[in-house]
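Protein chains in written order, with the working numbering: chain L, 73 to 293; chain E, 4 to 79; chain H, 251 to 499.
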Amino acid sequence: MIGRVFHYEFLQAYRRRSELVTPVVFFVLVCSMFPLALGSVADLLAPLASGVIWVAALLATLLSLDQMFRQDFDDGILEQMELSEVPFYQLVAIKILAHWCLTGLPLVVLSPLLAMMLFMPSESYLSLIVGLFLGTPILSLIGAIGAALTVKIRRGNVVLSLLIMPLYVPVLIFGATAPVMAAQGIMPAAQLLWLAAMLVLAATLAPLAASLGLRINIYGS
Amino acid sequence: MYFDSFAEFIAMGGHGLYVWMAYAAFLIILCWNLMAPKLRRRQVLETVARHWRRQELNSTKPNLEAEPLPFSDQDS
Amino acid sequence: MNWTWFHKWGSPKWFFQKTESLIYWFGFLALIFLVVGLVWGLAFAPEDFKQGNSFRIFYIHVPSAILAQSIFLAMAISAAVGLIWRMKLAHVFVETAAPIGASITLLALLTGAIWGKPTWGTWWVWDARLTSTLIQFFLYLGIISLHQSIENRDTASKATAIACLVGVVNLPIIKFSVNWWNTLHQPATFTLTESPAMATEMWVPGLIMVLGFYMLFAYLVTLRMRSEILEREKGSAWVKAYLEKLNVL
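What follows is the structure, encoded as structure tokens:
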């Protein structure tokens with residue numbers, strides 16, 4: 073069942089290819105707006121690079137969240153999943169994992185390219201990639217709670233952003249400061265360990281909260 | 004009393020602007036917090052009263068029309 | 251342990267009848283505490299040796315910051331009670347406390363910014379406490395907008411409760427990360443309320459203000475809850491009797 077849900081998610085994503093590409097394109101676009109707005113001076117952009125990439129990744133994730141459950145909720149597929157013998161939160165966790173593979177992972181893969189375009193110092197690359205690798209799943213996990221709670225609201229995107237963005241603050245702080253520290257020659261172990269700890273916490277609690285949120289919307293009269 | 008005169012109290016040793024601005028903000032937010040529930044209460048009393056008036060109308064004149072009222076606000 | 255009191259307070263009718271007189275006590279105590287605290291703090295307390303009279307903003311800023319945080323915690327506890335025991339009254343508390351909490355957080359932010367001008371020379375400093383208060387304000391706004399945008403009352407209550415719980419799990423992490431970020435970016439500047447040993451005549455009015463703020467919140471939230479209960483229970487006979495007593499029916 074779990075494997076089939078995973079497969080189904082990818083199939084759905086393949087059928088809606090254009091929607092899938094949007095957050096990634098958005099991510100690249102936002103990042104390339106900054107040199108245009110601030111000027112293309114390497115000295116100016118290099119210290120800002122990690123912050124810009126992280127904010128862009130955050131916005132791109134927010135953009136993709138609205139579609140995480142909506143289609144399946146409207147089709148009644150989520151209701152079927154809820155009724156199946158597999159615990160619902162596990163299926164929700166699989167859906168979140170699939171969401172991250174399709175939106176978060178491309179951002180991680182693309183980030184070195186953007187870091188290069190923003191003149192990030194080479195010592196920072198590793199901590200940026202590791203940070204994004206640990207951080208983007210947290211964005212998907214916390215975002216899933218918001219997506220589950222707003223699944224019934226038409227144009228719920230604004231509410232979703234308002235609700236979720238404050239919760240992203242710790243991820244943003246730890247993620248964006250790690251490359252800055254690495255550029256100063258300090259090993260940013262603290263930040264990356266914090267991100268890992270938050271990932272563990274989010275992976276444990278977020279699927280439960282998201283499945284509870286979906287249940288409320290499925291059974292709410 | 005800590006201050007010698009009323010003028011000194013207003014001036015707050017040169018910080019008058021900031022001190023009174025902060026207390027004005029407090030007053031404004033306090034006023035909003037006191038007004039909003041009062042308005043809400045009036046609105047709620049009106050809707051509940053309307054609900055019961057309609058209820059009485061329906062019981063005294065049964066089956067005036069089979070259809071429900073166009074803007075019925077009975078809860079789900 | 252006897253739990254009947256818990257179930258009694260869970261009944262909207264019981265709550266409505268009991269708070270009828272209780273609410274005047276809350277209002278009365280709030281008035282007394284606030285008037286005494288304000289007059290004492292504004293006119294009788296001595297000035298701070300470093301900050302002068304701008305220190306008097308303390309008597310609003312700190313109570314509002316404490317209350318704003320307490321309201322969030324109270325909302326989360328109440329949300330858990332509402333979800334676990336399916337107590338409607340707990341949901342009513344969460345929904346009515348949220349706007350009050352948001353306004354008090356805004357007050358803490360405004361007074362913090364105003365205090366910052368004479369202390370730091372600018373209206374806004376990304377000070378750890380101010381920054382986490384700002385994020386807490388955003389959290390309040392998110393919860394309120396979530397509640398307002400869901401049409402079905404029951405779904406809205408439960409969704410809001412979950413959002414509150416998620417928020418309260420995150421709040422300590424947010425506060426920690428903001429503190430950490432603050433020390434990283436600017437080496438510890440002195441914070442607004444940091445004094446080695448505050449004189450008794452300085453902190454006592456502050457304590458009275460804190461009590462006054464708590465009483466004010468109790469008064470305001472009870473006021474709002476009573477209206478919501480009336481609307482939710484509008485079909486029941488006791489509401490009709492209450493309206494007849496008020497001569498509005």
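Backbone N, C-alpha and C fix where the C-beta goes; we use that ideal spot for every residue, glycine too.
Here DSSP, grouped into helix, strand and coil, assigns L/G123 to helix.
In the DSSP assignment, H/N497 falls outside any alpha helix (DSSP H), carrying neither H nor E.
Taking 8 Å as the upper bound for CB-CB distance, L/L155 and L/F141 are not in contact here, some 16 Å apart.
Excluding its 5 nearest sequence neighbours in each direction, H/I350 has C-beta neighbours in its own chain below 7 Å: I321, F467, L470 and V471, listed in chain order.
In this structure, the straight-line span from the alpha carbon of L/V93 to that of L/A170 is close to 15 Å.
Following the DSSP letters along the chain, one finds L/F160 inside the alpha helix (DSSP H) bounded by residues F160 to H171. Excluding the 5 residues flanking it on each side, H/L473 has same chain C-beta neighbours closer than 7 Å at I273, in chain order.
Here L/A121 is buried, its C-beta having at least 16 other C-beta atoms within 10 Å.
Annotation: L/Q256 is outside any alpha helix (DSSP H) and is labelled neither H nor E by DSSP. The beta carbon of L/F145 is closer than 6 Å to those of V223 in its chain, skipping five residues each way along the sequence. Taking a beta-carbon distance threshold of 9 Å, H/A329 does not count as an interface residue toward chain L. In terms of Cβ geometry, H/A411 and H/F387 do not form a close pair [threshold 9 Å]. Look at H/D298 here: in three-state DSSP terms it is strand. Here H/K263 carries a helix assignment [DSSP, helix/strand/coil].
With a 10 Å radius around the Cβ and a threshold of 16 neighbouring Cβ atoms, E/P40 comes out buried.
The beta carbon of H/I354 does not come within 9 Å of any beta carbon belonging to chain L, so the residue lies off that interface. Residue burial annotation: H/T381 is buried, with at least 16 other C-beta atoms found within 10 angstroms of its C-beta. For H/S304, the chain E residues whose C-beta falls within less than 8 Å of its own C-beta are M15, H18, Y21 and V22, listed in chain order.
In the three-state DSSP reduction, L/K224 falls in the coil class, being neither helix nor strand. Counting only Cβ-Cβ distances below 8 Å, H/I350 has contacts in chain E at N36, in chain order. The straight-line gap separating the alpha-carbon atoms of H/L493 and H/S477 is approximately 12 Å. Taking one beta carbon from each stretch, the region 234-249 of chain L and the region 392-402 of chain H have 3 or more pairs nearer than 8 Å; the two touch. By the beta-carbon neighbour count (other beta carbons within 10 angstroms, threshold 16), E/H18 is buried. The three-state secondary structure of H/M475, taken from DSSP, is helix.
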